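Taking it in order: structure first as structure tokens, then the write-up.
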Amino acid sequence: MAVVRTTEQRYDHNAIDAKWQQRWLEGGAHKVNDDDPRPKWYELTMYPYPSGDLHVGHWYAMSPSDAHARFRRMQGYNVLHPMGFDAFGLNAENAAIQRGIHPFRWTTENMENMRRQLRSMGAIYDWDREVVTCAPEYYKWNQWFFLQFYKSGLAYRAYAPVNWCPSCQTVLANEQVINGLCERCSTTVTHRDLNQWFFKITDYAEELLDHSKIDWPDKINTMQDNWIGRSEGVDIEFDISEHGLEEKSITTFTTRIDTVYGVTFVVLAPEHPLVEKLTTSEHKDTVEAYVTKARLQTEIERLATDKDKTGVFTGSYCVNKLNGERVPILVGDYVLLSYGTGIVMGVPAHDERDFIFAKKYGLPIRVVVAPPDWDGGDLVNSAEFDGLSSTEGWQRIADHIEASGWGRRTVQYRVRDWLISRQRYWGTPIPIIYCDDCGDVAVPDDDLPVLLPEDAEFQPTGESPLALNEAFLNTACPDCGSPAKRETDTMDTFVDSSWYFLRFTNAKYEDGPFDTDKLAQWGAVDQYTGGVEHAVMHLLYARFFVKALRDLGLLDLDEPFERLYNQGVILWSGPREDEQISGQCHCTG
């Protein structure tokens, strides 16, 4: 018998959803009771950028996390499942500029719409704990953390070559450059030299390689390990005393000290301070022209595997202390001052890059390991070390160098310090004042937050927008009272997200960045959900932040997130080349 369906029999999902969402709201289903005696569970999804509306890519991450939080509640846990907004940064600022409105207005409207969208989806978040990073009561603590880092030596200012995005008109951290392109807008990144603020993440490189206390996907751990790039090797000196300089030697780092008898040349980075001193008068013009050209390239361009390796002779030589041989000193753009010592030894018989370089410039090639095999082969043409295996020879030669005072075993890391300065408006002002008499002066804690002025001109010009706002720029020195200038760069938005999960435990706490009692109760995030594209940015920075705050005595945690789930990526019509490499989704904006 056929069933006749009437209008009344149809499922009206809009009405049903609205009914139960209202019931949940009135009944406080979203609220978390800190005094609940049940075991705790802290569930968190990476909070969104309010640079537009929520889309399926957001919900693809949020829905499994919401379902898992509900599952834990049914299992008898007291579940903290909060939500907030990563409201500062280039995403929101660029979107606002494109629409000709103020970033605050654009961000505020988007946050309100996102709240509506999340409620209509039926997600249960404790909105009483909402965190908004562009709120002064939040970014005040960004500034406070900066000052703690500054006082402890973890924050410092340095003149350095930086990655510059001509479109975004700001500096990018190394982690924000993907295959030579800006990870926000895909513009080709160029090179500039600027005075910038850094956080010393390199102080924690070794500890960040330890994943024993977290249950994360192997892929993420491997990506972080590769980014940190630990290398064991030897710092070895080459004698330059024949040139009559104050410096009597130059030092290079190598992981292949077993091949040191095969060195036939040494290459300095174009930026190395000894280049000018070691360049003879007859080679001066050539070297200066080469250095100028090399410094116009980004580090990414200089290290590209498909790029022709170039160099020029300085006219000077150094002496290999192990065999007394004089070898030429060149300048090469494939050597970076920021890695190792900024000097590399050329062993063309046992390094492909050095081999190509030596063939191009007619430099000698000497075999010192033969025949090559799985264990590296045996040493030849290596004086008293001939006949030793490459492995044993490495240790014996390193011992000899250390005993002779010519160098030492050491460890180098690929990771660089975190560059946090941004020449943009929509971010946390850096709380430093520059006084002609007192130098760099930290803003006193009682004067925090240094407020972001609402009337600043925020169109990107390449100069920090706050530098054009006289009311913000001009101030008095806190130490001597003389006229002074404020720092006009703002902080990288990843500073905001490096600790927001700590704030959720008591988002309205006023006496500090987080409530230590509540944090002790909730602890680290038990289950964190977010994209793999954050492996060497947000996820690495958050780990660094927690370890640094621990060492400053501010919290008792070693890791921010105990478990990590990567939900995958939704592609629109198909992957772009950069997405295949970086894991980013161009439909997410």
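Per UniProt numbering, the sequence shown starts with residue 1, numbered consecutively.
Backbone N, C-alpha and C define an ideal beta-carbon position, used for all residues, glycine too.
These figures come from a predicted structure and were not determined experimentally.
Separation of residue j from residue i, as counted between CA atoms
i: glutamine 22; j: alanine 29; result: 10 angstroms
i: cysteine 585; j: glutamate 533; result: Model confidence at cysteine 585 stands at a pLDDT of 37, short of 50, so the residue's coordinates are unreliable; what they give is reported in the following sentence. The alpha-carbon atoms of cysteine 585 and glutamate 533 are separated by roughly 9 angstroms.
i: aspartate 285; j: glutamate 247; result: 23 angstroms
i: serine 338; j: glutamate 562; result: 33 angstroms
i: serine 390; j: aspartate 225; result: 26 angstroms
i: arginine 192; j: valine 162; result: 5 angstroms
i: phenylalanine 71; j: leucine 44; result: 14 angstroms
i: threonine 188; j: glutamine 459; result: 20 angstroms
i: lysine 518; j: asparagine 113; result: 30 angstroms
i: glutamine 580; j: arginine 119; result: With a pLDDT of 39 at glutamine 580, under the threshold of 50, the predicted position of this residue should be treated as unreliable, though the coordinate-derived value follows. C-alpha separation (whole angstroms): 33 angstroms.
i: glutamine 143; j: tyrosine 150; result: 10 angstroms
i: valine 79; j: alanine 520; result: 15 angstroms
i: glutamate 282; j: threonine 251; result: 25 angstroms
i: phenylalanine 104; j: proline 429; result: 15 angstroms
i: aspartate 551; j: asparagine 110; result: 37 angstroms
i: cysteine 480; j: glycine 153; result: 23 angstroms
i: aspartate 492; j: glycine 427; result: 7 angstroms
i: aspartate 437; j: aspartate 455; result: 30 angstroms
i: valine 69; j: histidine 81; result: As written in the sequence, residue 69 is alanine, which differs from the valine given in the question. So the alpha carbons of these two residues sit roughly 7 angstroms apart.
i: phenylalanine 85; j: phenylalanine 146; result: 21 angstroms
i: glycine 387; j: asparagine 323; result: 17 angstroms
i: asparagine 221; j: histidine 211; result: 7 angstroms
i: arginine 302; j: alanine 294; result: 8 angstroms
i: glutamine 98; j: threonine 107; result: 13 angstroms
i: tryptophan 59; j: aspartate 66; result: 10 angstroms
i: lysine 307; j: isoleucine 356; result: 12 angstroms
i: serine 249; j: aspartate 496; result: 44 angstroms
i: valine 275; j: methionine 46; result: 47 angstroms
i: glutamate 392; j: valine 260; result: 14 angstroms
Nearest-angstrom Cβ-Cβ length linking residue i and residue j, presumed shorter than 8 angstroms
i: aspartate 333; j: glycine 346; result: Not confirmed; about 14 angstroms, so no contact.
i: serine 498; j: tyrosine 541; result: 5 angstroms
i: serine 51; j: alanine 15; result: Not confirmed; about 32 angstroms, so no contact.
i: arginine 157; j: aspartate 378; result: About 50 angstroms; that fails the 8 angstroms criterion.
i: threonine 341; j: threonine 314; result: In fact, because the Cβ distance is near 16 angstroms, the residues do not count as touching under 8 angstroms.
i: aspartate 239; j: valine 319; result: 4 angstroms
i: proline 64; j: glutamine 567; result: 6 angstroms
i: isoleucine 343; j: valine 335; result: 7 angstroms
i: valine 368; j: serine 231; result: That pair is no contact at about 20 angstroms.
i: alanine 155; j: glutamine 196; result: About 11 angstroms separates the two Cβ atoms, so there is no contact after all.
i: glutamine 423; j: glycine 376; result: Rounded, the Cβ-Cβ distance is 48 angstroms, inconsistent with contact.
i: alanine 61; j: glycine 530; result: 6 angstroms
CB of residue i within 7 angstroms of CB of residue j, strictly
i: phenylalanine 545; j: isoleucine 201; result: no
i: arginine 414; j: glycine 229; result: yes
i: lysine 321; j: tryptophan 216; result: no
i: lysine 19; j: aspartate 558; result: no
i: glutamine 117; j: leucine 54; result: yes
i: cysteine 168; j: leucine 296; result: no
i: proline 465; j: tyrosine 425; result: yes
i: valine 443; j: proline 453; result: no
i: tryptophan 394; j: aspartate 258; result: yes
i: glutamate 421; j: valine 171; result: For the sequence presented, residue 421 should be read as serine rather than glutamate. Cβ distance < 7 angstroms, so serine 421 and valine 171 count as in contact.
i: proline 560; j: alanine 535; result: no
i: residue 647; j: threonine 133; result: No answer is possible for residue 647: the residues shown for the chain start at 1 and end at 589.
i: proline 136; j: proline 513; result: no
i: methionine 537; j: phenylalanine 494; result: yes
i: tryptophan 41; j: tyrosine 77; result: yes
i: isoleucine 401; j: isoleucine 236; result: yes
Own chain partners of residue i with C-beta closer than 8 angstroms, once the 5 adjacent residues on each side are dropped
i: lysine 31; result: Asp126, Asp128
i: asparagine 174; result: Asn163, Glu299, Arg416, Leu419
i: aspartate 17; result: Ser120, Gly122
i: aspartate 578; result: For aspartate 578, the predicted structure reports a pLDDT of 44, less than 50, and the residue's modelled location is therefore unreliable. A value from the coordinates is still provided. Counting only Cβ-Cβ distances below 8 angstroms, and skipping sequence neighbours, we find Ile178, Asn179, Leu181, Ser186, Gln584.
i: alanine 476; result: Ser482, Pro483, Ala484
i: glutamine 75; result: none
i: aspartate 515; result: Thr505, Asn506, Tyr509
i: leucine 473; result: Leu466, Ala467, Lys485, Arg486, Thr488
Heavy atom of the ligand FAD within 6 angstroms of residue i beta-carbon
i: aspartate 446; result: The ligand FAD is absent from the structure shown, which contains no ligands of any kind.
6 angstroms Cβ shell around residue i - same chain, five flanking residues per side excluded
i: glutamine 176; result: Glu183
i: glycine 233; result: Phe253, Thr254, Thr255
i: leucine 468; result: Glu457
i: valine 312; result: Thr286, Val287, Tyr290, Val331
Own chain, CB closer than 7 angstroms to residue i, minus 5 neighbours either side, in chain order
i: arginine 366; result: Gly262, Thr264, Ala349, Asn381
i: histidine 243; result: Leu278, Ser316
i: proline 166; result: Thr187, Thr190
Residue-level contact to chain B via CB, residue i, 7 angstroms cutoff
i: valine 525; result: The question asks about chain B, but that chain is absent: this structure has only one protein chain.
Residue ranges of each alpha helix (DSSP H) run of no fewer than 4 residues wholly in the segment 366 to 434, ordered along the chain? DSSP runs (the alpha helix (DSSP H)) wholly in the segment 366 to 434: 390 to 404.
Ordered list of beta strand (DSSP E) runs contained in the UniProt domain "Aminoacyl-tRNA synthetase class Ia" (415 to 570), each at least 3 residues: 432 to 435, 439 to 442, 474 to 476, 483 to 486, 525 to 529, 561 to 565
Could you pull out every unbroken beta strand (DSSP E) segment of at least 3 residues lying fully inside the segment 160 to 198, listed in chain order? 170 to 172
Starting from the N-terminal side, write out each stretch of the beta strand (DSSP E) that is 3 residues or longer and does not extend beyond the segment 325 to 356. With a minimum length of 3 residues, the continuous beta strand (DSSP E) runs that stay inside the segment 325 to 356 are 325 to 332, 343 to 346.
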